[in-house]
Structures are given as structure tokens and as C-alpha cells.
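Numbering (mature numbering (1 follows the signal peptide of the UniProt record, and there is no 0)), first residue to last: -19 to -1, 1 to 466. Even for Gly, the Cβ is constructed at its ideal location relative to N, Cα and C.
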């Protein structure tokens, strides 16, 4: 055959290739993402350190350490997140396998009778039955010339990294919830001890009011007021008891166990708040928040999806090969004359698809824009949380100092009341009222201590809880190494 007969065909294929390249969208630049959180440049503490991965160890509470270990070992919320990570990693393997060469072997044996009234009469063929035997090995490979498959694998990899970051975010949320609930229970226990003393003081005041009313010193209003105050104190103790039990049930749920299986908890003093805003929070926060890391990997995955959608505009090249044996005579199947071979390169050109490729590319672009917007929103939200918790912690610190002054004054008043009573210059009612005022001041101080500790944990959580993205040192593959027309 004259080779010049193929020249018009080759010219047409070249023209189609150029047309496909011209119709493809331009390559997008890398997404522009915020590198700093919108935090005040000088709003941190030079001595404040970033939380560590086991940040709860700073409170030096063995019971809390044991609760954390149990929660991290079997919490349902973590199991769900880890299952999503496993699913995403399996998707990487599936996507990567789809681009590997396929090699398969086949063996086929059939026995067929030819119709006497068919296209080829049996009288012409000379036989009615025949056997067909085929043995072969097939090879198929899609050449990823434009990097579409590489971009799809990179997108799956980035999605898996996002799932891993989300699992770390779930871990942080779980540990923060366990600490908040546990210390909330401890705060309730501390306040219950004061509530019992306050009820005893109110009972003493009621007895004194009843005695004074019996002697005609005071009227019944004083008795009713003392009864009302006693009822309020008892109601407060009931509320604290219910709160403590509710926290115990919630703690068991966080650990994924029944409340009866929860280890016994012992009341202990609350540890002091120790967290602070690091001086480099604006620069380092983005790298230390698992939710921001997940958003960043979603952006990377969406960018790879755009690259894959763009690569779909270019021709697909595939190779098929076959090597085997075929014969209608079983006795000659394994002879050299039964050999068959096939080599089939194929080029597919998307000339007209009704706009499907461009629509798919537009969807990928919109998903990338949405992922970028979600990333920026997560950065702003993280900065807001950090600033809010730092402000709350500072405000509660000032209130604690003010309450310490009030508590010292209440102790001085009680000491003076005791001294007057011993000197015979005061009565038991003044002494009981001073004791009750001191108990109320101590209760307010414990409420503030619990609030400061809760804000301390919330600030640690907003700072990332010691998170470090293990994938940042290993950037995902992309399609930029593929040849582009």
C-alpha cells in the first residue's frame, strides 16, 4: 500500500489535536491561600508555649490521664473518623490501580453445530459440527500522557490527608470535651461541699430566727425569710447534684461506656489555668489547626480535580496487545501455526461532546472556588476563636483577682465576728451571717476558677491542641510534570 495514502489522515489527526489543545482551558496558577491568621501581631505572650499533643498532662491529674487513654482507645466518634480515613486511603489505592497496566489470561473452548439453512451451507463447508479453542494473554494500558490520572491520584491522596486531619480534629474535640466534663464534675463536687456548709449555716440562722421570734424579739417575717433562704440553699444543692450526675453520664458517653462502667471519680482541687496566647500565634496558627489543615487539603484536592478535568480536553492514548493460540482443530492448538498476535494503539480525540467537557470543568472550578472560600472562612473562624478565648481568659483572670479581694474581706469579717462573739460583744446570728457570707464568697471564687479552667481548655483547643500535620513535609503529586501543549 502506498504510504502517501495515509498523509491526509495524519494531517487530519494533527489538525484535530491542535484544535483540542486550543479548546482546552488555560492552566490555573496554584491557589492563593492565607499564610497568616488575622491576629494582632503583638497580642501574644512571649512566655506562652504552644500546646503539646498530650496537653492535658499539664494538669497533673492521673484520673484525667486514665480517662483520656480510655477515650482515645474506644470512643465511637474516633472510630467513625478513623473509618473515614481508611475509606479515603482505599480510594487512593483504587485510583492508582486504575492507571496500571492490565494483564489477563483467557481460555475458551466451544463446540458448535452449523445450521443447515445458514449463510454458509454445510454442504459447502463439508462439516456440521466444529470446535473452537482459544488461549491467550491480553495487555491493556492507558497512557497518561497529559497527567489526568496522576491528577486523579493526587486528588485522592489529598482527600485522604483531609480525612486524616479531620480525624485529628475529632480527637482534639474529644479530648477537650473529656477534660471539660471531668473538671466540670470536679467543680460541682467542690461546690457541693460548700453547699452542705451553707445549708448548715442557713439552718443555724433559721434556728436563731425561730428562737428570737419565740422570745418576741423579732416577728415572723424573719423566720419566713430564713426559711426561704434555707430552701434556696437546698435547691442549689439539688441542682448541683443533678449537674454532677449529668456530667458523669456525659463523661461515660464520651468514653463509649455505660455510666456504671465509669471508674470511680474522686473529688480533687481544680488545677490552675496555665494556657496563654503564644507570641507567634498569627504566623503559626494555620499550621497547628487540624480543621484548617483539612480545609487546605480539600483545596489541594479540588485543584487536582480541575487539572484532571482540563486534561480530559486532550487526546487519550491507549495500547492493547494480544498473544495467544487459536484453532478449530484441538489437535493443532499447541502448534506454531495456531499462533495469533495483535498490537492495537488507539488515539481518542474529543472533537464534539455537546459541552460535557466544559461543563465538567466548570463544576470542578466552582468546587475549587468553594473549597478556597471554606479555607479562608476556617482561618477567620479560628482567629476569632483564639481571640475570644484569650480575651475570656484574661477577663476571668481579672475577675478572679477581684474575687480574691472580696474573699479576703469576707474572711476578715468572719474573724472579726468570731472575735466579737468570744468577747461577748456580738451574737450568734452575726457570727452565722459572717460565716455564710464567707461561704458565698468561696463559692463565687470556685465558680470563677472553674470558668477559668474551662476557658483554658477552650484556648488550648482553639490553638490546635498540639496538632502537627504529618503530610506537610511530603507534598502531594500533581500534574504539572505532564506535558502540556
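Between which two residues does the alpha helix (DSSP H) holding residue i run?
{"i": "residue 165", "result": "129 to 195"}
{"i": "residue 58", "result": "57 to 78"}
{"i": "residue 105", "result": "103 to 106"}
{"i": "residue 236", "result": "201 to 236"}
{"i": "residue 404", "result": "Here residue 404 belongs to no alpha helix (DSSP H), and DSSP marks it neither H nor E."}
{"i": "residue 290", "result": "271 to 292"}
Taking buried to mean at least 16 other C-beta atoms within 10 Å of its own C-beta, is residue i buried or exposed?
{"i": "residue 92", "result": "exposed"}
{"i": "residue 294", "result": "buried"}
{"i": "residue 335", "result": "exposed"}
{"i": "residue 98", "result": "exposed"}
{"i": "residue 166", "result": "buried"}
{"i": "residue 467", "result": "Nothing can be reported for residue 467, as the shown portion of the chain is limited to -19 through 466."}
{"i": "residue 257", "result": "buried"}
{"i": "residue 3", "result": "Low confidence applies here, because residue 3 scores a pLDDT of 49, under 50, leaving its location unreliable; read the following figure in that light. Exposed, since its Cβ has fewer than 16 Cβ neighbours within 10 Å."}
{"i": "residue 285", "result": "buried"}
{"i": "residue 149", "result": "buried"}
{"i": "residue 444", "result": "buried"}
{"i": "residue 395", "result": "buried"}
{"i": "residue 442", "result": "buried"}
{"i": "residue 36", "result": "buried"}
{"i": "residue 460", "result": "Here residue 460 scores only 40 on pLDDT, less than 50, and its place in the model is too uncertain to base an answer on."}
{"i": "residue 129", "result": "buried"}
{"i": "residue 450", "result": "buried"}
{"i": "residue 111", "result": "exposed"}
{"i": "residue 259", "result": "buried"}
{"i": "residue 427", "result": "buried"}
{"i": "residue 470", "result": "There is simply no residue 470 to check, as the chain begins at -19 and stops at 466 in what is shown."}
Hey, residue i and residue j: beta-carbon distance below 7 angstroms or not?
{"i": "residue 170", "j": "residue 214", "result": "no"}
{"i": "residue 345", "j": "residue 280", "result": "no"}
{"i": "residue 381", "j": "residue 429", "result": "yes"}
{"i": "residue 124", "j": "residue 76", "result": "no"}
{"i": "residue 204", "j": "residue 192", "result": "no"}
{"i": "residue 267", "j": "residue 18", "result": "yes"}
{"i": "residue 228", "j": "residue 144", "result": "no"}
{"i": "residue 162", "j": "residue 220", "result": "no"}
{"i": "residue 324", "j": "residue 298", "result": "no"}
{"i": "residue 370", "j": "residue 440", "result": "yes"}
{"i": "residue 158", "j": "residue 434", "result": "no"}
{"i": "residue 58", "j": "residue 151", "result": "yes"}
{"i": "residue 340", "j": "residue 146", "result": "no"}
{"i": "residue 431", "j": "residue 349", "result": "no"}
Where do the N-terminal and C-terminal ends of the beta strand (DSSP E) with residue i fall, by residue?
{"i": "residue 437", "result": "Per DSSP, residue 437 belongs to no beta strand (DSSP E); it is in the alpha helix (DSSP H), 409 to 443."}
{"i": "residue 257", "result": "Premise fails: residue 257 is in no beta strand (DSSP E) and is neither H nor E."}
{"i": "residue 303", "result": "297 to 308"}
{"i": "residue 110", "result": "110 to 124"}
{"i": "residue 88", "result": "83 to 94"}
Please look up how many angstroms separate the CB atoms of residue i and residue j, rounded, as I've assumed it's under 8 angstroms.
{"i": "residue 236", "j": "residue 406", "result": "About 57 angstroms separates the two Cβ atoms, so there is no contact after all."}
{"i": "residue 140", "j": "residue 69", "result": "5 angstroms"}
{"i": "residue 321", "j": "residue 305", "result": "5 angstroms"}
{"i": "residue 313", "j": "residue 121", "result": "Wrong, their Cβ atoms sit about 28 angstroms apart, outside the cutoff."}
{"i": "residue 42", "j": "residue 252", "result": "7 angstroms"}
Quick one: which unbroken beta strand (DSSP E) runs of 3-plus residues sit fully inside the stretch 299 to 381? Chain order, please.
Unbroken beta strand (DSSP E) runs of no fewer than 3 residues, entirely contained in the stretch 299 to 381, are found at 320 to 329, following chain order.
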